[in-house]
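The block underneath contains the structure these notes are about, expressed in structure tokens.
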Amino acid sequence: MRELSKTLHSRRAILRMLGAGSAAVAIVACTPPPAPTAGQTAGSGAASTSQTFLNYWTGWSGFEFDELQKLVDKFNGEQKDKIFINMSTVFGQYDKVLTAIAGGNPPDVVSAVWLHQLVSMAARDGLKPLTDYASRDGIDGTGYFPQFWDAWHWNNQLWGMMITSNSNVIAYRSDLYKEVGLDPDSPPKDTTALDAAAQKLEKIGSDGTIERIGFLPASLPLWGRVFGGNFYDEKNQKITANDPKLVAALDWMGSYRKRLGPDKVAAFTSGYGDYMSTQNSFFSGKESMSQVGEWFIEFQHRFAPDLDMRFMPVPPPEGGRENCTAFGGSVFTVPNGVKNPDGSWEFVKWLSQDENMGDFCFNIHNVPPKTKPATADRFVSDKRFQLAIDLLSGKNAIGPDKIPVNDTLNTKIAEAETAVFQGQSSAQEVLDRVTQEVQADLDKAMERMKK
Amino acid sequence: MATSIKRREPFRWRSLAIGLAFISPAVVGMILFAIWPIVQSLYYSFTDFNVLQSPYWVGWENYRELLDDRVYGIALRNTFYMVLLGLPIHLLFDFLMALLLNTKIRGLSLYRTIFYLPSITPVVASTVVWLWLFNGQYGALNALLHLFGQAPIGWLTNPAWTKPSLIFMGAWFGGNTILIFLAGLRDVPASLLESADLDGANALQKTWHITLPMMSPVIFYTLIVSVIGYFQYFTEAWVLSSTREGAAGGPLNSMLFYAMYLYQNAFQQFKMGYASAQAWILFAMVLIATAILFRTSGWVYYRSED
Numbered sequence: 000m001r002e003l004s005k006t007l008h009s010r011r012a013i014l015r016m017l018g019a020g021s022a023a024v025a026i027v028a029c030t031p032p033p034a035p036t037a038g039q040t041a042g043s044g045a046a047s048t049s050q051t052f053l054n055y056w057t058g059w060s061g062f063e064f065d066e067l068q069k070l071v072d073k074f075n076g077e078q079k080d081k082i083f084i085n086m087s088t089v090f091g092q093y094d095k096v097l098t099a100i101a102g103g104n105p106p107d108v109v110s111a112v113w114l115h116q117l118v119s120m121a122a123r124d125g126l127k128p129l130t131d132y133a134s135r136d137g138i139d140g141t142g143y144f145p146q147f148w149d150a151w152h153w154n155n156q157l158w159g160m161m162i163t164s165n166s167n168v169i170a171y172r173s174d175l176y177k178e179v180g181l182d183p184d185s186p187p188k189d190t191t192a193l194d195a196a197a198q199k200l201e202k203i204g205s206d207g208t209i210e211r212i213g214f215l216p217a218s219l220p221l222w223g224r225v226f227g228g229n230f231y232d233e234k235n236q237k238i239t240a241n242d243p244k245l246v247a248a249l250d251w252m253g254s255y256r257k258r259l260g261p262d263k264v265a266a267f268t269s270g271y272g273d274y275m276s277t278q279n280s281f282f283s284g285k286e287s288m289s290q291v292g293e294w295f296i297e298f299q300h301r302f303a304p305d306l307d308m309r310f311m312p313v314p315p316p317e318g319g320r321e322n323c324t325a326f327g328g329s330v331f332t333v334p335n336g337v338k339n340p341d342g343s344w345e346f347v348k349w350l351s352q353d354e355n356m357g358d359f360c361f362n363i364h365n366v367p368p369k370t371k372p373a374t375a376d377r378f379v380s381d382k383r384f385q386l387a388i389d390l391l392s393g394k395n396a397i398g399p400d401k402i403p404v405n406d407t408l409n410t411k412i413a414e415a416e417t418a419v420f421q422g423q424s425s426a427q428e429v430l431d432r433v434t435q436e437v438q439a440d441l442d443k444a445m446e447r448m449k450k
Numbered sequence: 104m105a106t107s108i109k110r111r112e113p114f115r116w117r118s119l120a121i122g123l124a125f126i127s128p129a130v131v132g133m134i135l136f137a138i139w140p141i142v143q144s145l146y147y148s149f150t151d152f153n154v155l156q157s158p159y160w161v162g163w164e165n166y167r168e169l170l171d172d173r174v175y176g177i178a179l180r181n182t183f184y185m186v187l188l189g190l191p192i193h194l195l196f197d198f199l200m201a202l203l204l205n206t207k208i209r210g211l212s213l214y215r216t217i218f219y220l221p222s223i224t225p226v227v228a229s230t231v232v233w234l235w236l237f238n239g240q241y242g243a244l245n246a247l248l249h250l251f252g253q254a255p256i257g258w259l260t261n262p263a264w265t266k267p268s269l270i271f272m273g274a275w276f277g278g279n280t281i282l283i284f285l286a287g288l289r290d291v292p293a294s295l296l297e298s299a300d301l302d303g304a305n306a307l308q309k310t311w312h313i314t315l316p317m318m319s320p321v322i323f324y325t326l327i328v329s330v331i332g333y334f335q336y337f338t339e340a341w342v343l344s345s346t347r348e349g350a351a352g353g354p355l356n357s358m359l360f361y362a363m364y365l366y367q368n369a370f371q372q373f374k375m376g377y378a379s380a381q382a383w384i385l386f387a388m389v390l391i392a393t394a395i396l397f398r399t400s401g402w403v404y405y406r407s408e409d
């Protein structure tokens, strides 16, 4: 019996050891990996125990990520041994951000948040308001483009800040303009002229297939505003997606597909090459005019350096909005539940300094959200960039509506566009439906928020 | 004797404990990562839950709302299209392929390898290849049509063609089912086929009266597994219909399947309660479908053990 109990004990001991061992493995596996030591990045000081390691998630990838890393390295270098930023990309996986916040292990700073998602994230308690930090440090929106400061506010709180921004323009090729006898120095000023130019630039093969397209309008969120419409009545919390001007915009967008044949357009556009490449439909000459933003200048430098690409403001119809642009961008936010919000704010504030945001924007050819760095010679020496900046300074620079269900609205609008483009339903019909469905979603969200 | 039995009793308890301890990694894992989440999702299905804020009890509201959800209706119809049309076509195709690959011809193992090859390439990778085969402008399929003077088809852009395209592509992934059918065909007793030969039966009669009945348990198994799989149809449609903006579902949601809509609600819109309700309805549908299949399985012939 003694022998038996001894063996049992030893078995138990082994089991205990096994259990403790596997528990240890599990704990180690669940612990976040240690942040890299400061020595791993150039220009930073030696690691110190008092140093704060912060994780920053970005949505930028590729060459844009590399440029941002340079800026992060500069910050880490200046911080000596106070704060160390460890950046990683969640490109294409923005869903991860909410999951991480919900899991109680959020990154300390996130910029993988689109401006149109800011309100919905704030409404879900996902973000920390930055109002107190900003007022403490005397940041009050001075120096920014007029609409931006307000765009980052909701419920009287500041929820984030951008260090880059975008402006919508239409790019056109002077070579093709000349080829069909259009004057590249006077691009279309209204939709009627745009329609005429687009038809002139079209090239249809003998068998009826499209060989080149003049222009193909896309994105109701932009054109709807250019036509003078609004998607949301913020005061009454009413979705107004069936605003007659939005219906007119969608009708007009659909008219291009109707004229060319929806199937032929679909077949033609499915042959477009990779967007971020020399095969881009605009660079390869399949599209004569294309809806882009100022960031396309950098694309052109990289993928079609010899091309004479020019920009024009999005032309409105009669009674529409002149020089209209729908701006957006990645917002730097601090998730709820971070352990060191002071450090997170420090990083956001540093990035927002004129020189730092200016350098980054210049390297990736985005518009700095502040007017002083944006109007520096390195930007505005390019006429196309000047146009983008003028548009953002104007009264018709419009940001996303502050709706907590913006994602639903966008999904439904995209669906409505397809239905009209395919010739399946009328613009009125689908936009009535969008209004009704998104309103129901919004009412529900509002009701929950009250509770 | 009696005392020895009594004395052995606690020992058994100990060995049970030890046994349990040994399987505890699996049991604990199962409880923590499977059973507990399942129970949780049932609770969430009765709440409004966006992951960040605590769940809010709404009773049957999620389930009621699903009845009025137009897009949910589309996803449901698309899924049933796949289960009721795509699945039988694929099973029939796979069975015929297995019959062909079971004949005695030269280079048989080569053919078998060729038909199994697609099954060892990752689904996402081969679907991306299909994306190009289906391409309206440069796709090989439309080039083939052109060769015969036919008009091009918008395989993935025309809502009427998207699901037939998926079914067409699905034949490519039949390798595993063909393999199972082949194994079943190998199991059909040669003696029965030989005696049928002696009775003067032709190939069709032999297939209908001997091969099919002997194969019925294999077919039944494949049917059950496939029904469950087709209700959860996701990867191929997701890859083929994903856009740069991240939305998936194809033109007019013609490729939006149940599991895709569930995923969108759960992980893109973060309507966890709503998505959980969908998940439980899916579970109920699969359960009912399986029960119906078992109830109507009179056609399955189980050979006795001798």
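Just so you know, the protein sequences line up as chains E and P, in that order. Mapping the first sequence onto the numbering used here, position 27 (from 1) lands on 26, and the numbers just tick up by one. Residues are numbered in the numbering used here as their position in the second sequence, beginning at 1, plus a constant of 103. The C-beta atom is built at its ideal place from N, Cα and C for all residues, glycine as well. Just so it is clear, the structure is predicted and the values come from calculations on it, not from any experiment.
If you draw a straight line from the C-alpha of residue i to the C-alpha of residue j, how long is it?
i	j	result
E/V96	E/H152	20 Å
E/L430	P/G352	19 Å
E/D184	P/A382	58 Å
P/L282	P/L326	14 Å
E/V404	P/L179	24 Å
E/M308	P/G239	28 Å
P/I322	P/L285	11 Å
E/P367	E/Q435	38 Å
E/G125	E/T57	17 Å
E/Q116	E/D406	7 Å
E/I162	P/L194	56 Å
P/Q372	P/Y364	10 Å
E/Y231	E/T410	16 Å
With a threshold of 8 Å between beta-carbons, can residue i be considered close to chain P, or not?
i	result
E/K450	yes
E/E354	no
E/M292	The sequence given here places Gly at residue 292 of chain E; Met does not occur at that position. With 8 Å as the cut-off, E/G292 does not count as an interface residue toward chain P.
E/T57	no
E/S269	yes
E/L441	no
E/L249	no
Can you say whether residue i is buried or exposed, counting buried as having 16 or more other CB atoms within 10 angstroms of its CB?
i	result
E/V24	Note on E/V24: pLDDT 48, under 50, position unreliable in the model; the coordinate value appears next. Counting Cβ neighbours within 10 Å, E/V24 comes out exposed, since fewer than 16 surround it.
P/F413	Within the shown structure, residues of chain P are numbered from 104 to 409, placing residue 413 of chain P beyond reach of any answer.
E/A418	buried
P/R115	exposed
E/L245	buried
P/I152	Here residue 152 of chain P turns out to be Phe, not Ile, going by the sequence shown. Counting Cβ neighbours within 10 Å, P/F152 comes out buried, since at least 16 surround it.
P/I134	exposed
E/Q92	exposed
E/W222	buried
E/S254	exposed
Is residue i close to chain E, meaning its C-beta is less than 8 Å from at least one C-beta of that chain?
i	result
P/F337	no
P/P151	Per the sequence shown, the amino acid found at residue 151 of chain P is Asp instead of Pro. With 8 Å as the cut-off, P/D151 counts as an interface residue toward chain E.
P/Y364	no
P/Q381	no
P/V227	no
P/Y404	no
P/V154	yes
P/F370	yes
P/G376	no
Quick one: give me the first and last residue of the alpha helix (DSSP H) that residue i is part of.
i	result
P/V226	226-236
E/T417	405-420
P/I283	278-289
E/N75	61-78
E/S87	Per DSSP, E/S87 belongs to no alpha helix (DSSP H); it is in the beta strand (DSSP E), 82-88.
E/Q435	426-449
E/R511	Here chain E comprises residues numbered 0 to 450, so residue 511 of chain E is not present and cannot be evaluated.
P/F183	173-184
Hey, quick one: how far does the beta strand (DSSP E) through residue i stretch, first residue to last?
i	result
P/T393	No beta strand (DSSP E) holds P/T393; the alpha helix (DSSP H) holding it covers 375-398.
E/N54	51-57
Would you list, in sequence order, the uninterrupted beta strand (DSSP E) runs of no fewer than 3 residues that lie entirely inside the segment 163-247 of chain E?
167-172, 209-211
Where are the alpha helix (DSSP H) runs, 4 residues long or more, that stay fully inside the segment 312-364 of chain P, in chain order?
315-334, 338-344
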